[in-house]
Amino acid sequence: MPDDVIRIMCPKLTCRRILAVPVTARGRTVRCRGCGSNIRIPTQPASGSPGAGAGMPKGDTSGRAGM
Ligand SMILES: [Zn+2]
1 MPDDVIRIMC
11 PKLTCRRILA
21 VPVTARGRTV
31 RCRGCGSNIR
41 IPTQPASGSP
51 GAGAGMPKGD
61 TSGRAGM
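Sequential numbering of the sequence shown, starting at 1, is according to the working numbering.
Take a look at the structure:
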């Protein structure tokens with residue numbers, strides 16, 4: 001499933017319309033088609049990605065000279 005589109009909900013309680021914006025719109029402001037209010041697109045998704053920032057392989061034993 002491609003992640004080229006960000007789905008964001010309109011913060012306006014009377015609207016709450018789901019807007020689909022391209023990922024290129026991150027950090028920008030889009031206008032809601034439902035109520036016409038400006039909504040800022042976050043640079044990162046609301047939900048954190050699972051299993052990220054752990055498991056950095058280090059301690060490379062390769063390159064042993066002398067045999
Ligand atoms: Zn709206």
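Ideal Cβ positions, reconstructed from N, Cα and C, are used throughout, including at glycine.
Who are the Cβ neighbours of residue i in its own chain at under 8 Å, not counting the five residues just before and after it?
i	result
Arg31	Ser37, Asn38 and Ile39
Ile41	Ile6, Ile8, Val21, Ala25, Arg26, Gly27, Arg28, Thr29 and Val30
Just mark residue i as buried or exposed, buried being the case when its beta carbon has 16 or more other beta carbons within 10 Å.
i	result
Ile8	buried
In the DSSP assignment, find the unbroken beta strand (DSSP E) run with residue i in it and report its ends.
i	result
Thr29	Thr29 to Arg31
Leu13	Segment: none, Leu13 is in no beta strand (DSSP E) and carries neither H nor E.
Arg40	Asn38 to Arg40
Leaving out five residues on either side along the sequence, give the residues of the same chain with a beta carbon under 6 Å from the beta carbon of residue i.
i	result
Ile18	Arg7 and Met9
Thr43	Arg26 and Gly27
Is there at least one Cβ from chain D nearer than 7 Å to residue i's Cβ?
i	result
Ala20	Looking at the structure shown, chain D is missing, and only one protein chain is on hand.
Does ligand 1 have a heavy atom nearer than 6 Å to the CB of residue i?
i	result
Arg40	no
Ordered along the chain, which non-local residues of its own chain (more than five positions away) have a Cβ less than 7 Å from that of residue i?
i	result
Pro11	Ile39
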